[in-house]
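Asker: To start, I am sharing the structure in question, which I have written as C-alpha cells.
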Amino acid sequence: MADKRDYYEVLGVSKEAGTDEIKSAYRKLAKKYHPDANPNNPEAEAKFKEASEAYSVLSDDQKRATYNQFGHSAFDGTGGANGFGGFSGGFDFDMSDILGSFFGGGGDIFGGRGRRNGPRRGADVSYNMQITFEESYFGGTKDVTLKMVENCPTCAGTGAAPGTTAESCKKCNGTGRERVQQQTMFGYMSTERECSACRGTGKIIKTPCETCAGKGRVRKEKTFQITIYKGIDNGQKIVLSGKGEPGERGGPNGDLIIVFYVKPHEYFVRNGLDLHIDYPISFTQAALGDEISVPTMEGTHTYTVKPGTQTGTVAHIRGKGMPNVKNNKAVGDLIITLGVTVPTKLTEKQKQKLKEFAEEMGSDVKEQKKSWFGRNK
Ligand SMILES: [Zn+2]
Ligand SMILES: [Zn+2]
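Okay, so the sequence shown: first residue is 14 according to this note's numbering, each after it adds one.
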C-alpha cells in the first residue's frame, strides 16, 4: 500500500476539485481503461481499478475528508487512523455500484452488473398498512401476516430434489454468464450477459424438488409484529432490515418496508403536529359566553367561550395535538374553530322570546345597518 499513488494524482484533479470535476475526470478514465474496451490488457485493468478506487473515496465527502487527513493509511487498516470508525476493515467498494451511478442503474452498457454469478441481495418487500387515527396517536403494536418468499426447506434453496444435485451448466461452464458481441455507444464490444440456458444460475436441475418445482423458493405465511410509533403520519414508513426476500448465492436479505396509511378521523384533521376540529356553539353561548367541553384524543378539555364570540373564532389549546414521532415530548396543539349555529326549529315560545329580543335590539340593528351602508356608499 505504501507505493500507492495519490488519489488526486490518479484522477488528475487538484485537491480543491469539486464533485462534478471529480466525476467527469473519473468518467473519462473509466471509459478509456474499462476492461471491456481493453480486452486482455492487465495494465488498463490496473488503471481502471486504481481510478475506480480513487473515485469511490473522493466522491464520498466523509471518505474524502478522512483521506485528506490520514492518506491511504486511513483505508488499509495499518494504522494512522486508529480509532476512526467505519473504515478499519480495509478498502471495500463495489465497482458495479459506481458504474451504475454513472450510467443510470443497470450499468448494462459495460455488459452486466455486478460480479459474475456472485451474491445477490434479496428483493425489498413493501407493505401498505392501514391503521386508525387512534393507533397513530396512541401507538402500539399490530400483527401482520404476509406471504413471504423464502428458501425452500425441502431442498435448502437449491431447487434440486433431495438426494440429487444440480449439474453445472454446459453452455456457460457454470459461470452463469455468456459473452456476446454487441454494438454500443463506445463501439463494437464483447459484452457479457446472463446465460440463457441456466438463467444466470450456472446450474441445470435435472430432477426438480417437488416442494418448490425446482425454483428453490416457496411462499410461506409469516407473521410480523409491527410497532406503530406514536405520532406516525400518513405515508411514513419503517424498515425491517433483512426481513424481505432472501438473498441469492450468499447475498444479504432484502428489507421489509411498512408504509403506514392512517384512516381519517370523524372529527379531527391532522396538519403537521396540530389537530384541527370544528366545534359548534349556539348563538346564545356565543353571545353570553359559556364553558364548553371540547373533545381531545384523550378525553375532553374545558374551554371558556367569551361573551360576544364570533363565528369562525379560532382557539389554540397547547399540547393537545399529535406527538412528534421522533420525539414524543414534542406535541402539537389542538386548534378549535368555533362555529355559531342558528336554530332551525323553534317552538312558539322561543319565537316569541326572540321577537321580544329583536324589538329590544331594534335600534341597535338599525344603527348597525346604517353604518354598514354608510361605509359602502
Ligand atoms: Zn425445493
Ligand atoms: Zn449457463
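All C-beta atoms, glycine included, are put in the ideal place defined by N, C-alpha and C.
1) So, with DSSP's three-state summary, where would you put Phe151?
2) Can you pull the DSSP bridge partners for Phe273?
3) Taking the alpha carbon of His329 as the point to measure from, which residue in Asn337, Lys339, Asn340, Thr309 has its own alpha carbon closest?
4) Helix, strand or coil: how does DSSP classify Phe115 here?
5) If you count every other CB in all the chains shown that lies within 10 Å of the CB of Glu373, and 16 or more means buried, which is it?
6) Confirm the yes/no value for this check: CB of Gly229, any heavy atom of ligand 2, distance under 7 angstroms.
7) Which residues in the same chain have their Cβ closer than 6 angstroms to the Cβ of Gly135, if we skip the five residues on either side of it in sequence?
8) Once you ignore the five residues that flank Pro391 on each side, which residues in its own chain have a CB closer than 6 angstroms to its CB?
9) Leaving out five residues before and five after Asp346 in sequence, what residues of the same chain have Cβ atoms less than 8 angstroms from its Cβ?
10) Anyone know if the C-beta pair for Val355 and Ala299 falls short of 8 angstroms?
11) Note down, in chain order, each residue of its chain lying with its Cβ closer than 6 angstroms to the Cβ of Ala174, except the 5 sequence neighbours on either side.
12) Residues in the same chain with beta-carbon distance under 8 angstroms from Glu234, minus the five sequence neighbours each way, listed in chain order, please.
13) Taking only the alpha-carbon atoms, compute the straight-line gap between Pro277 and Leu359 and give it to the nearest angstrom.
14) Can you look up Met396 in the DSSP assignment and give me helix, strand or coil?
15) Quick check on DSSP: helix, strand or coil for Asp105?
16) Give me, in chain order, the residues of the same chain whose beta-carbon lies closer than 8 angstroms to that of Tyr6; leave out the 5 immediate sequence neighbours on both sides.
17) Should Gly215 be labelled buried (16 or more other beta-carbon atoms within 10 Å of its own) or exposed?
18) Quick one: Cα of Phe83 to Cα of Ile251, how far?
19) At the level of alpha carbons, what is the spacing between Gly187 and Ser69?
20) Can you give me the C-alpha to C-alpha distance between Gly172 and Arg230, rounded to a whole angstrom?
21) Within 10 Å of its beta-carbon, does Tyr39 have 16 or more other beta-carbons around it, so buried, or fewer, so exposed?
22) Which residue marks the beginning of the beta strand (DSSP E) containing Gln238, and which one marks its end?
23) Near Val23, what residues of its chain come up, given a Cβ to Cβ distance below 7 angstroms and the 5 sequence neighbours on each side ignored?
24) Mind reading off the beta-carbon distance from Tyr292 to Ile348? Whole number of angstroms is fine, and I expect it under 8 angstroms.
25) Distance, Cα to Cα, Phe123 vs Leu42?
26) Taking only three categories from DSSP, how would you classify Thr324?
27) Between Lys339, Glu56, Tyr21, which has its C-alpha nearest Arg77's C-alpha?
28) Label Pro166 either buried or exposed according to how many other C-beta atoms from any shown protein chain fall within 10 Å of its C-beta, with 16 as the threshold for buried.
29) Drop a sphere of 10 angstroms on the beta-carbon of Gly120, count the other beta-carbons inside from all chains shown, and report buried for 16 or more, exposed for fewer.
30) Do the CB positions of Ile270 and Ser139 come within less than 8 angstroms of each other?
31) State the Cα-Cα distance for the pair Ile218 and Ser181, rounded to the nearest angstrom.
Answerer: Let me spell this out:
1) DSSP places Phe151 within a helical segment (H, G or I) once states are collapsed to three.
2) Met142
3) If we check each option's Cα against that of His329, Thr309 comes out closest.
4) Its pLDDT being 40, under 50, Phe115 is placed unreliably by the model, and the measurement read from it follows with that caveat. Phe115: helix per DSSP, three-state reduction.
5) So Glu373 ends up on the exposed side.
6) no
7) Gly257, Glu258, Pro259, Gly260, Asn266, Gly267
8) There is no way to answer for residue 391, as the model of the chain reaches only from 14 to 390.
9) Leu286, Asp287, Leu288, His329, Ile330, Arg331, Gly332, Lys333, Gly334
10) No.
11) For Ala174, the CB contacts under 6 angstroms within the same chain, skipping 5 residues up- and downstream, are Thr220, Cys222 in chain order.
12) Thr158, Leu159, Lys160, Met161
13) 35 angstroms
14) An answer regarding residue 396 cannot be provided, because it is not within the stretch 14 to 390 covered by the chain.
15) At Asp105, the pLDDT of 35 sits below 50, so the modelled position is not reliable; the number obtained from the coordinates is stated separately. Reduced to three states, the DSSP call for Asp105 is coil.
16) Outside the shown range of the chain, which is 14 to 390, sits residue 6, and nothing can be said about it.
17) buried
18) 37 angstroms
19) 31 angstroms
20) 8 angstroms
21) buried
22) 230–241
23) Glu63, Ala64, Ala67
24) A Cβ-Cβ distance of about 10 angstroms is found for the pair Tyr292 and Ile348, leaving them out of contact under the 8 angstroms criterion.
25) No answer about Phe123 holds up, because its pLDDT of 37 lies below 50 and its placement is not dependable.
26) Thr324 falls in the coil class under three-state DSSP.
27) Tyr21
28) exposed
29) With a pLDDT of only 34 at Gly120, under 50, the local geometry of the prediction cannot be trusted, and the value read off the model is given with reservation. The residue is buried, with at least 16 neighbouring Cβ atoms inside 10 Å.
30) It is a contact, given that the beta carbons lie within the stated cut-off.
31) 9 angstroms
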